[in-house]
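Participant: So the protein lines, in turn, are chains A and B. Be aware that the first sequence starts at 1, since it is given in the numbering used here, and climbs by one per residue. Be aware that the second sequence starts at 1001, since it is given in the numbering used here, and climbs by one per residue. A virtual CB, placed ideally from N, CA and C, is assigned to each residue, including glycine. I'd like to ask you about the structure that follows.
Number of protein chains: 2
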Amino acid sequence: MDEIFKSAKCLFCEICLIHFQKRTGILASARKMSTQQHNLVLGNMNPCIKKMEYAVRGPLVIRATQIEKEIAAGVKKPFPNVIKANIGDAHAMGNKPITFIRQVLALITHPPLLESKDFPEDVKQRARDILHGCKGSSVGSYSDSAGIEIIRRHVADYISERDGFPASWENIMLCAGASEGIRACLKLMTSPGEGRRPGVMIPIPQYPLYSASLAEYNMEQVGYYLDEERGWALDPAELERSIKEARAHCDVRAIVIINPGNPTGQVLTKQNIIDIVKFAHKEKLFLFADEVYQHNVYVFFHNSAKVTNEMGAPFNEIEMASFMTCSKGYMGECGIRGGYAEVLNLDAGVMAMYQKSISAKLCPTVIGQACMDAVVNPPKPDEPSYESWNCEVQGTLASLKRRAELVANTLNSIDGIQCNTVQGAMYAFPQVTLPPAAIAAAAEAGQAPDVFYAFNLLESTGICVVPGSGFGQRPGTFHFRTTILPQEEMTKDMLGRLKEFHINFIKQYS
Amino acid sequence: MDEIFKSAKCLFCEICLIHFQKRTGILASARKMSTQQHNLVLGNMNPCIKKMEYAVRGPLVIRATQIEKEIAAGVKKPFPNVIKANIGDAHAMGNKPITFIRQVLALITHPPLLESKDFPEDVKQRARDILHGCKGSSVGSYSDSAGIEIIRRHVADYISERDGFPASWENIMLCAGASEGIRACLKLMTSPGEGRRPGVMIPIPQYPLYSASLAEYNMEQVGYYLDEERGWALDPAELERSIKEARAHCDVRAIVIINPGNPTGQVLTKQNIIDIVKFAHKEKLFLFADEVYQHNVYVFFHNSAKVTNEMGAPFNEIEMASFMTCSKGYMGECGIRGGYAEVLNLDAGVMAMYQKSISAKLCPTVIGQACMDAVVNPPKPDEPSYESWNCEVQGTLASLKRRAELVANTLNSIDGIQCNTVQGAMYAFPQVTLPPAAIAAAAEAGQAPDVFYAFNLLESTGICVVPGSGFGQRPGTFHFRTTILPQEEMTKDMLGRLKEFHINFIKQYS
């Protein structure tokens, strides 16, 4: 291993990234590699950007892409191909788009196709409704910053039907993927440096959008551990411990839940959500409910808005936002960038400020908004697209469920790997027991043990996963996150390679 | 006028926005209008968000939309319709999309259309190339955060051909509209509160993306005035004055030029650009070259990258970024959200940090990227789409040129209004001489004089413009920005209404 990775602390920090890119020659070269003095340098740039880490796209992925190119160039490897199990990118892994969604998007993009006989009437009607909501009947016009009204209304209808409680379209803020909505809400609570730093409670393990955004916004990350031994359950006592310790040094403003869990794949019980809501109410916290995997559920699912409504006052009055996306679920339309936030119970002035703050960004992509529309307003059983839509959706979800079981069961069949049931989302987050000699070898290589394991896995098998340290884990434990997205045959192939690697790795360091 | 607008200072501030929304009943209502205590309130939210202003989407526009609804509901007005001349939103004003672009986007969105005989071969080839660059051959997969490599290469080819100097694709960062790229670059220079605040020089008048983003990022806005009497020219002595004054209280890091100008519609001379580049070099500033209107040019145009290349060392080594978009030009695809930044001469470490900072946002919309591709890689003269593409593009640009002349000439025919030639972009920014009685009436109404004028214009004629105070203007002068985007007949209608209003307004206050 290269000396570059001799940063045991992180895998995507300032030093390792730059050195890695230099070593691999993929550092974007300045137009002239002259000897000029730079005015903007690491020493005087925004230190918050330097602190950001986003492991899902870190050096392991860069190396994986490089190996792909090596294989394409004829370099012999002990494996036929790279399997990118690092990111929840369904289409990249061969999952097919839903025809209904793409047909709607094609029609709004090129309205002369509305005359074509190749598109069913329900698709055309969806397209006409969306175009009617666009200024000048064109997806090329800006929408309102919060999104097109008819789509916001469709989202509210979807939530109302899902929950049995009425949702209000004015609370629906469309956004270019859930990440943008989450960041817009977080930003309401940042502080430009005076007084105590604002803090946000996030689960550990967490999805690194949170740690990266908190670093970028100079906010304090306040971790609360999920209980791995109880299937990554949420423990109210741990919430109390976490906030008590944090309040000594920062101003805790909000709490995040990721449900279904990323990277952990658990689904919170209703009691978990009740506990969180009561906690948020008691501690006066804004609740971020990241529910982007609400369609990827293999057991049961309770969304937070419905639970708070069932709990009644004062719990249904807490300030909260629930986030949804087009990128996950059965649709997996990551590249289209559609999503929404349902923002509830905000102070009227703060809500106005929120709307103002997004106006400078003009609007989320209209096609992304339309994709969200196709998700929340799918074909009804009496419509012509229903049968094929339903068949595609059920087929995708059933296959994901099979893969979720296959991945967890196979991982658990490997000595030294323990994996909780994948109840939802698209990931498994197994714990790996590493022998002392492996930990010593990692230290020797200047790497965290889980990073060392993951790099060895990549170089030996072509499988790209993300080390647990990119998400956070209890000290002394080691994990990795793998998606369940490779197609079923490839999932089997991947698990076979992984098992063989793990056995050899343990043998080597025992 | 309502007491709500008794904020003479701004037209989109905390108070007036909230009160305005309350009065008009369009404030997004919280789900429950209960008496609950809010934890996140104006008093403890991010003060930078409160400071942001984005006049292009301010209360005037909200009122204009309300008037539209009133007309639709049968309310009688002294005008038949609202004309939204407030925002550079071409398709909303009836400008037609370019067929070639939309065909490419339809094919990548719904690839079965590649089999259709209704699409020309060059369109299909563009679509195949883009899909080949997408993981899993789907626009639903995430791209690299900097964009799809083949599109970045096409952008570099476009710049190379435009300038006659080679551009490097690694310096091209695709983004969801130029705004996102500008904000990503600005963010490199922000500071989390320690030490002197970073400052950025921006032209006055400016496009409020800059003032809003600087407020949001807690950076100091350092204005330099453009010289209205010399056609909004740039004056080197004014740059010196501005930076000298600013350096007494902040750390000036960058300078912005907007060329062609928004809202001012001028095109910088080559000497202007040379002066700016020399100034940036001498003062060790990062140069932001906002060149999103580079296709909307009715006289001549020199882009900054070419000029620096012609100037040679050391001037071609300054740190700079040039921004482009799909939203303007002949295409006007605002809702699609495509753009790029060409980032030049960055310190290698800073460039790596830049790439890391955008990775947490995953990627710009792939369809927006594809739209940028269709713009930089249009049909060649020997390709089947060329003739119709060229006809549409030339027709659009010629019509915009006619409208640019028509608007400026008509405005100049009105006593008390003076307008510089519209050399580029999509706007006129005339100065209005207001009689003392009108200024007194505005003060009485609690409004800035230009806001008062613009609200009266809207209520009397249905024309929605943006007051000059939203962009900045020399104290004691009053302007408004109008787009030149209404179709030609509507532009004539608009100018007729405006002329009549202005004559009556002056008469009323003389």
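1) Beta carbon of B/Ala1146, beta carbon of B/Ala1156: below 8 Å?
2) How is A/Met189 classed by DSSP in three states: helix, strand or coil?
3) Could you work out which residues of chain A lie near B/Phe1279, taking near to mean beta carbons separated by less than 7 Å?
4) A/Glu319 touches chain B at which residues, Cβ-Cβ below 7 Å?
5) For A/Asp347 and B/Asn1039, I'd like the C-alpha separation in whole angstroms.
6) Regarding B/Lys1076 and the ligand ZN, is the C-beta to nearest heavy atom distance less than 7 Å?
7) Look up A/Pro203 in the DSSP assignment and say whether it is helix, strand or coil.
8) Flag A/His154 as yes if its beta-carbon sits less than 8 Å from any beta-carbon of chain B, otherwise no.
9) Under a Cβ-count criterion, where at least 16 other Cβ atoms within 10 Å of its own Cβ denotes burial, should A/Phe300 be classed as buried or exposed?
10) Note down, in chain order, all residues in the region 347-362 of chain A with a beta-carbon under 9 Å from any beta-carbon belonging to chain B.
11) Within 8 Å (strictly less), CB to CB, does B/Val1139 reach chain A?
12) Rounding to the nearest angstrom, what Cα-Cα distance links B/His1479 and B/Cys1250 in this structure?
13) Between the C-alpha atoms of B/Gly1025 and A/Gly133, what's the straight-line distance to the nearest angstrom?
14) Can you pull the chain A neighbours of B/Ala1176, defined as C-beta to C-beta under 8 Å?
15) Can you tell me whether B/His1479 is helix, strand or coil according to DSSP?
16) What is the DSSP secondary structure of A/Ser327, reduced to helix, strand or coil?
17) Go ahead and pull the three-state DSSP assignment for B/Leu1027.
18) What does A/Met52 reach in chain B if we use C-beta pairs closer than 9 Å?
19) Any beta carbon from chain A within less than 8 Å of B/Thr1396's own beta carbon?
20) Taking the CB atoms as reference points, tell me whether A/Val277 and A/Leu285 lie closer together than 8 Å.
21) Between A/Lys282 and chain B, is any beta-carbon pair separated by less than 8 Å?
22) Compute the distance between the beta-carbons of B/Ser1322 and B/Ala1184, then report whether it is under 8 Å.
23) Listing by chain order, which chain A residues have their CB less than 9 Å from the CB of B/Gly1265?
24) Taking all protein chains shown into account, decide if B/Ile1503 is buried (16 or more other Cβ within 10 angstroms of its Cβ) or exposed.
25) Measuring CB to CB, does A/Ser143 end up less than 8 Å from A/Cys363?
26) Quick one: Cα of A/Gln508 to Cα of A/Leu458, how far?
27) Which same chain residues, not among the five before or five after B/Asn1218, have their C-beta less than 6 Å away from its C-beta?
28) Leaving out five residues before and five after A/Lys306 in sequence, what residues of the same chain have Cβ atoms less than 8 Å from its Cβ?
29) Using alpha carbons as the reference points, say which of B/Gly1265, B/Glu1283, B/Trp1389 lies closest to B/Arg1241.
30) In chain order, what residues of the same chain have a beta carbon less than 8 Å from the beta carbon of B/Trp1389, not counting five sequence neighbours either side?
31) Could you spell out the range, first to last residue, of the alpha helix (DSSP H) harbouring B/Asp1251?
32) Return yes when the Cβ of B/Ser1304 is within less than 8 Å of the Cβ of B/Ile1243, no when it is not.
33) Do you know how far the Cα of B/Cys1371 is from the Cα of B/Pro1111?
34) Quick one: is A/Ala454 near chain B, going by C-beta distance under 8 Å?
35) Name the residue from A/Ala398, A/Thr482, A/Leu113, A/Met189 whose alpha carbon lies nearest to the alpha carbon of A/Val432.
36) Tell whether a beta-carbon distance below 8 Å holds between B/Leu1042 and B/Lys1050.
Facilitator: Taking the geometry as given:
1) no
2) coil
3) None at all; the shortest Cβ gap to chain A is about 13 Å.
4) His1038, Asn1039, Leu1040
5) 8 Å
6) In the structure shown, the ligand ZN is absent, as is every other ligand, since no ligand is present at all.
7) strand
8) no
9) exposed
10) Asp347, Ala348, Gly349, Val350, Met351, Ala352, Met353, Tyr354, Gln355, Lys356, Ser357, Ser359, Ala360, Lys361, Leu362
11) yes
12) 29 Å
13) Here the model assigns B/Gly1025 a pLDDT of 43, short of 50, so the residue's position is not dependable, and the following value carries that caveat. Distance between the alpha carbons of B/Gly1025 and A/Gly133: 21 Å.
14) Ala176, Arg337, Thr365
15) strand
16) coil
17) Here B/Leu1027 scores only 40 on pLDDT, less than 50, and its place in the model is too uncertain to base an answer on.
18) Met1353, Lys1356, Ser1357, Ser1359, Ala1360
19) no
20) no
21) no
22) no
23) None at all; the shortest Cβ gap to chain A is about 20 Å.
24) exposed
25) yes
26) 16 Å
27) Cys1048
28) Arg162, Asp163, Gly164, Phe165
29) B/Glu1283
30) Ile1098, Thr1099, Phe1100, Pro1378, Pro1379
31) Looking at the DSSP string, B/Asp1251 is not in any alpha helix (DSSP H); the run it does join, the beta strand (DSSP E), is 1251-1258.
32) no
33) 16 Å
34) no
35) A/Thr482
36) yes
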